[in-house]
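A.B. asks: Offset between the sequence shown (1-based) and my numbering: plus 415. For every residue, glycine included, the Cβ atom is placed at its ideal position computed from N, Cα and C. On a predicted model such as this, the values are computed, not experimentally measured, just so you know.
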Amino acid sequence: MTELWNVSDTAIAVGVAIFTLGFGVAPMVLAPLSEINGRRPIFVVAGLLFVLFQLICAVTPTYAGMIVSRFLAGCCSSTFSTMVGGVVSDIYRAEDRNTAMALFSGAALFGTGLGPAISGVVAYHTTWRWIFYLQTITCGVLMVFIVFLFKETRGSVLLSKKGKALNKWIDQLESEGHYGFMMPSSDGKTAPQRIRWKVKSDEELASLGQMVAISLYRPFHLLFTESVVFFFSLWISFAWGVLYLTFSAIPVVFTASHGFNGQQNGAVFTAISVAAIISTFISVGQERIARKYFTGKHLAIFNGPEGRLYFACIQSALLPIGCFWFGWTSFPSNHWILPALGIGCATMGIFSIYLAVFNYLADTYHKYASSALAAQSFCRNLLAGAFSLFTPQMFRGMTFQGAGSFLGGLGALLTVVPWVLVFYGPRIRSRSKFAAEIMD
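This is how it looks when you write it as structure tokens:
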């Protein structure tokens, strides 16, 4: 792209930053709208538009066209990340939610590693345009399944549809002279009484303008008034920033230290995918083991939202450990597998943070889960996009070891977040009017 459009590497990195900007901004509107109007319409419309904008990225002849298309693709693709927490909250009880969220988190991180690995091979042997063509094909096939097989999960929307269906059936019966109830009248006689079903959520629906205002307001309101949402957003934002940092750091480090080409650099990203698979199996198995051996007070805490943080308190430390590991093994004299293992270690820490945040916010805010997750997604993706812009300069200016140590130090400081909530979470939630509904 730099050769085609005669722009700098930083200008091309803007493509990642602008994608994450769209990814972070769009859920602030789409997620709350899904709570009002249902999940399925948002998934279908956003998914089809995502496929379209991926195709435009593949064929665009200009740099400006690429940037605009990347932003719109980011807006549409965000649905398939931030709204999943709401969908899982819709269809799973809290005690059964971990496995579903672990599989989703594992898939998200697995894809984060698989994408650059495949892209490295494609771009090395053909052209970068085929990266987007390939995504258009695969995502297009996926959308066929979503359009025909994905069903609505939002409870209030399903109840509203059921009420409308019942009222339509009652209208038909009444047109044939059949009424619901025979009720006594004031003169002591009985008379047929018409009945209709009403859904509380329908009566509470506001105008379109109010709905948009709520969609924009609620995630920001949660972000700045709910300490849980704020600090979790800070924690996962840093973790996600480190993940996106690898897109630029791996080519810089492995090219300089080991002379890797584009295809070989892409292969290093498989460390992320392998770590995601391992973490998924661990997270599913450890909860089942904990439920088997925990009793009494420990089991009661484990069944609550704070139970989602038990393992994250320890496993999140893998993120700073992995940052130190990656930085201090990035010497030409060391085998390339050593920094790659550091990337895998950091990924396992990121996985534990990602899973803990999704589970905890879903358990704590339930019907407001999509708005809470949209708030953390906004922060997470904005920071991730910013990291992609200065990563090469940071690693070259601070040295690989200095940059790894800096990231590891920040990560170590943020590991205090789950510990605070494990001990003080119930007290903090009791002061929240949004979380309090879950505790009643």
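Where N676 and L524 are concerned, what is the direct C-alpha to C-alpha distance, given to the nearest angstrom?
C.D. replies: Their backbone Cα atoms lie some 24 Å apart in a straight line.
A.B. asks: Pick from P476, S731 and T425: whose alpha carbon is nearest that of T830?
C.D. replies: Comparing Cα-Cα distances from T830 to each of P476, S731 and T425, the minimum goes to S731.
A.B. asks: Which of the three DSSP states, helix, strand or coil, is assigned to P599?
C.D. replies: In this structure, P599 counts as strand in the three-state DSSP scheme.
A.B. asks: Using 10 angstroms around the beta-carbon of V644, count the other beta-carbons present and answer buried if the total reaches 16, otherwise exposed.
C.D. replies: Buried, by the Cβ-count rule.
A.B. asks: Please report the straight-line C-alpha distance between K566 and S648, rounded to a whole angstrom.
C.D. replies: Each residue's Cα considered, the two are about 30 Å apart.
A.B. asks: If you count every other CB in all the chains shown that lies within 10 Å of the CB of R569, and 16 or more means buried, which is it?
C.D. replies: Label assigned to R569: buried.
A.B. asks: May I ask you to report which of helix, strand or coil DSSP gives S606?
C.D. replies: In the sequence as presented, Ser is not what sits at residue 606; that position holds Ala. DSSP places A606 in strand when its eight states are reduced to three.
A.B. asks: Can you tell me the Cα-Cα spacing of R544 and T417, whole angstroms?
C.D. replies: Approximately 13 Å, taken between the alpha carbons.
A.B. asks: Can you tell me whether I506 is buried or exposed, with buried defined as 16 or more other CB within 10 angstroms of its CB?
C.D. replies: It is exposed - the Cβ of I506 has fewer than 16 other Cβ atoms within 10 Å.
A.B. asks: Quick one: what's got a C-beta closer than 7 Å to N582's C-beta in the same chain, skipping five residues either side?
C.D. replies: Counting only Cβ-Cβ distances below 7 Å, and skipping sequence neighbours, we find R611 and W612.
A.B. asks: Which stretch, first to last residue, makes up the alpha helix (DSSP H) that contains L464?
C.D. replies: R454 to V474 is the extent of the alpha helix (DSSP H) around L464.
A.B. asks: Roughly how far, in whole angstroms, is the beta-carbon of L756 from the beta-carbon of W743, given that I think they are within contact range, below 8 Å?
C.D. replies: Not really, about 12 Å apart at Cβ, beyond 8 Å.
A.B. asks: Please report the residue range of the alpha helix (DSSP H) in which W545 lies.
C.D. replies: Segment R544 to L564, the alpha helix (DSSP H) holding W545.
A.B. asks: Pull up the CB-CB distance for M498 and N774, whole angstroms please, since I reckon it's below 8 Å.
C.D. replies: Rounded, the Cβ-Cβ distance is 15 Å, inconsistent with contact.
A.B. asks: Does M481 come out as helix, strand or coil in the three-state DSSP assignment?
C.D. replies: Here M481 sits in helix by DSSP.
A.B. asks: Rounding to the nearest angstrom, what Cα-Cα distance links P841 and V772 in this structure?
C.D. replies: Cα-Cα distance, rounded: 16 Å.
A.B. asks: Considering only residues of the same chain and omitting the five flanking positions on each side of F662, which have a CB-CB separation below 7 Å?
C.D. replies: Answer for F662: V431, P531 and S803, listed in chain order.
A.B. asks: Mapping the DSSP letters down to three states, classify P414 as helix, strand or coil.
C.D. replies: The requested residue 414 does not occur in the structure, where the chain is confined to residues 416 to 855.
A.B. asks: Ends of the alpha helix (DSSP H) at E702?
C.D. replies: Element bounds for E702: T685 to Y708.
A.B. asks: Along the chain, where does the alpha helix (DSSP H) containing G430 start, and where does it finish?
C.D. replies: Note, G430: alpha helix (DSSP H), D424 to V440.
A.B. asks: Near T551, which residues of its chain fall below 8 Å by C-beta distance, leaving aside the five closest residues on each side in sequence?
C.D. replies: Closer than 8 Å at the Cβ level, and outside the excluded window around T551, lie V466, Q469, L470 and A473.
A.B. asks: Looking at the secondary structure, which residues open and close the alpha helix (DSSP H) in which R846 lies?
C.D. replies: Neither: R846 is in no alpha helix (DSSP H) and is coded neither H nor E.
A.B. asks: Given a threshold of 16 other Cβ atoms within 10 Å of its Cβ, counted over all protein chains shown, does T527 qualify as buried or as exposed?
C.D. replies: T527 is buried by the Cβ-count criterion.
A.B. asks: Is the separation between the beta-carbon of I651 and that of Q808 shorter than 8 Å?
C.D. replies: For I651 and Q808, no; Cβs fall outside 8 Å.
A.B. asks: Over the uninterrupted alpha helix (DSSP H) stretch that includes W612, give me the two end residues.
C.D. replies: Taken as a continuous stretch (DSSP letters only), W612 belongs to no alpha helix (DSSP H), as it is neither H nor E.
A.B. asks: Who are the Cβ neighbours of I561 in its own chain at under 7 Å, not counting the five residues just before and after it?
C.D. replies: Taken in chain order, the residues that qualify are F458, V459 and G462.
A.B. asks: Count the other CB atoms, across all protein chains shown, that sit within 10 Å of the CB of T605; report buried if there are 16 or more and exposed otherwise.
C.D. replies: Under this definition T605 is an exposed residue.
A.B. asks: Give me, in chain order, the residues of the same chain whose beta-carbon lies closer than 6 Å to that of C491; leave out the 5 immediate sequence neighbours on both sides.
C.D. replies: Closer than 6 Å at the Cβ level, and outside the excluded window around C491, lie A461, L464 and F465.
A.B. asks: For T830, which three-state DSSP category applies?
C.D. replies: Reduced to three states, the DSSP call for T830 is coil.
A.B. asks: Considering just the uninterrupted stretch of the alpha helix (DSSP H) at D778, what are its terminal residues?
C.D. replies: Note, D778: alpha helix (DSSP H), I752 to Y780.
A.B. asks: Suppose you measure from the CA of R795 to the CA of T762; what does that come to, to the nearest Å?
C.D. replies: If you take the alpha carbons of R795 and T762, they lie about 16 Å apart.
A.B. asks: Starting from the C-beta of P735, find all residues in its chain whose C-beta is less than 6 Å away, skip the five residues before and the five after it, and write them out in chain order.
C.D. replies: If we look at P735 and ignore the five residues flanking it on each side, its Cβ neighbours are G823, G826 and A827.
A.B. asks: Taking the alpha helix (DSSP H) that N676 falls in, what are its first and last residues?
C.D. replies: No alpha helix (DSSP H) contains N676, which DSSP labels as neither H nor E.
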